[in-house]
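Report on one structure; see the data block that follows.
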Amino acid sequence: MYPDNPVLVEVHRSGFLESVHRGSLVVLDADGGVLHAVGAVDVPTLPRSSNKPVQATTYLDAGWVPRSTQELAIAAGSHSGEPGHVELALSMLAAAGLGPDDLGCPAALPSDEAERARWLVAGRAPERAAMNCSGKHAAMLSACVAAGWPTQGYLDRAHPLQQAIEARLGEAGGVPVSAVVVDGCGAPQHALPVSALARGVLSLVQADPGTAGRAVADAVRAHPWLVAGTGKDDTRLMDAVPGLLVKGGADGVHVAALPGAGAVALKLDDGGERGRMPALCAGLARLGVDADLLAPFAVLPVSGGDGVVGEVRAAL
6 MYPDNPVLVE VHRSGFLESV HRGSLVVLDA DGGVLHAVGA VDVPTLPRSS
56 NKPVQATTYL DAGWVPRSTQ ELAIAAGSHS GEPGHVELAL SMLAAAGLGP
106 DDLGCPAALP SDEAERARWL VAGRAPERAA MNCSGKHAAM LSACVAAGWP
156 TQGYLDRAHP LQQAIEARLG EAGGVPVSAV VVDGCGAPQH ALPVSALARG
206 VLSLVQADPG TAGRAVADAV RAHPWLVAGT GKDDTRLMDA VPGLLVKGGA
256 DGVHVAALPG AGAVALKLDD GGERGRMPAL CAGLARLGVD ADLLAPFAVL
306 PVSGGDGVVG EVRAAL
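Rendered as structure tokens:
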């Protein structure tokens, strides 16, 4: 049965409470202790792409040596299919002696609106490399080549790479993976509570220099555009808050971690996107992140006619 979670986010229109988003949210301190918890933070959910930064450490452990920190960043990202994203994913494949047909993710159009429009006007068909998870898949295949594992069947749960990912997510989160399903990109997706998601990502930013975890954290924070894309929330928030690692996931999931401060992770029950940033910012505020830095993300406008008549904000 789905947990009966409290309201995390409210939508107000002209002073009228129009909608709410229920969910679970946890705030951890720098040592992983719980500072604040709302809702069923220890009930397994699907972190979706928020798992990617921790997953990326297994590619390094398998022996993959990225040619740049950009490659490592897009391996942990959900890019928007802009030209630089697609070109980087394809170059990673080429370096491993592979091509776009080796990708197991589905073909897609870019999610960046301007680039998607250009593709449609040009009559360009969907491509696997334009799918938002192609960087992760290119890195998975690169890791398989480095480790001497087969690239065929690399998305099978029994494949050595997927076994390593499953073990790593449980280890980083402090609890075993409770279920494995198929994600939107075709890869295995691992169920973990938001508390475990927060612990896992916190472990990356708190890791010692020279470790796989720290390498991923540093790459993600150095190249926010490769983690999401132009105008995307994760890119903008990492650009705004120095040292912050942010990774969203489909169906209302978000996680962020700041070294020396702690981490926040959340899941909105309805899977909605609009409530994620206000809720995440409410958690980051509890970690002492400057309110002025969070202001562009903490309250979202509700339009009416030619103006703004309300807001989407965290519930008290």
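Be aware that the sequence shown starts at 6, since it is given in our numbering, and climbs by one per residue. Built from N, CA and C at the ideal position, the CB exists for glycine as well.
| Query | Result |
| --- | --- |
| Cβ contact check for the region 59 to 74 and the region 258 to 273: 3 or more pairs under 8 angstroms | no |
| Beta-ladder partner(s) of Val-126, from DSSP | Answer is none; Val-126 lacks a bridge partner. |
| 4-residue-minimum alpha helix (DSSP H) runs that sit fully inside the region 89 to 163, ordered along the chain | 118 to 127 and 139 to 152 |
| Inside the region 27 to 100 only - beta strand (DSSP E) runs reaching at least 3 residues | 39 to 43 |
| Proximity of Ala-67 and Ala-148 at Cβ, strictly below 7 angstroms | yes |
| Residue from Gly-104, Ala-270 and Arg-129 with nearest C-alpha to Ser-54 | Ala-270 |
| DSSP state of Arg-279 mapped onto helix, strand, coil | coil |
| Inter-residue Cα distance where the pair is Met-145 and Pro-71 | 12 angstroms |
| Between the CA atoms of Ala-220 and Gly-178 - distance to the nearest angstrom | 18 angstroms |
| Pairwise C-alpha distance: Val-314 and Leu-166 | 50 angstroms |
| Assigned exposure category for Leu-30 - 16 Cβ within 10 Å defines buried | buried |
| Every unbroken alpha helix (DSSP H) within the region 267 to 320, with a cutoff of 4 residues, ordered by chain | 281 to 291 and 296 to 303 |
| Length at least 4, wholly inside the region 212 to 266: the alpha helix (DSSP H) runs in chain order | 217 to 227, 229 to 232 and 238 to 245 |
| Distance, Arg-281 Cα to Ala-303 Cα | 9 angstroms |
| Neighbourhood of Gly-102 by C-beta distance below 8 angstroms, restricted to the same chain and skipping five residues each side | Val-150 |
| Residue span of the beta strand (DSSP E) that contains Pro-193, given as start and end | 193 to 195 |
| Coarse secondary structure for Asp-24, derived from DSSP in three states | The amino acid at residue 24 is misidentified as Asp; the sequence shows Ser. Note: Ser-24 maps to strand in three-state DSSP. |
| Start and end residues, beta strand (DSSP E) containing Val-182 | Segment: none, Val-182 is in no beta strand (DSSP E) and carries neither H nor E. |
| 7 angstroms Cβ cutoff met for Val-46 and Ser-200 | yes |
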